[in-house]
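Enquirer: Shown below is the structure under consideration.
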Amino acid sequence: MPRRWRSGQFKRYVADGQVHYFLAQGQGMRPGSRGEESAAEEITEWVKAHYTAKTVGNVTVDDLTAPTGG
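Whatever position you read off the sequence shown (first residue = 1), add 20 for our numbering.
Rendered as structure tokens:
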């Protein structure tokens with residue numbers, strides 16, 4: 021699957037309200053193939069640019085229902 025499609029699909033899920041929280045790689049995600057890692061990195065960069073991270077217990081999450089406007 022092309023990387024752009026994967027990140028684009030994720031962005032559509034967020035816009036449609038189908039995804040509410042995001043855990044960055046290294047906090048519960050198990051990377052797969054190299055292409056999946058690249059898509060995960062691209063998605064992480066996009067989330068960090070548009071949402072604010074919050075700590076819940078010992079885990080940092082991004083609330084994808086509250087964009088920062090970036």
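The beta carbon of each residue, even a glycine, is placed where N, CA and C say it ideally should be.
(1) Thinking C-beta only, is Arg26 closer than 9 Å to Glu61?
(2) Within 10 angstroms of its Cβ, does Asp82 collect 16 or more other Cβ (buried), or is it exposed?
(3) Per DSSP, what kind of secondary structure is Val34 in: helix, strand or coil?
(4) Does Thr88 come out as helix, strand or coil in the three-state DSSP assignment?
(5) Quick check on DSSP: helix, strand or coil for Ala44?
Expert: Quick look at the numbers:
(1) When the beta-carbon positions are compared, Glu61 and Arg26 stay at least 9 Å from each other.
(2) Of the residues assessed, Asp82 falls on the buried side of the cut-off, its CB having 16 or more other CB atoms within 10 angstroms.
(3) Of the three classes helix, strand and coil, the one that applies to Val34 here is helix, per DSSP.
(4) Note: Thr88 maps to coil in three-state DSSP.
(5) Here Ala44 sits in coil by DSSP.
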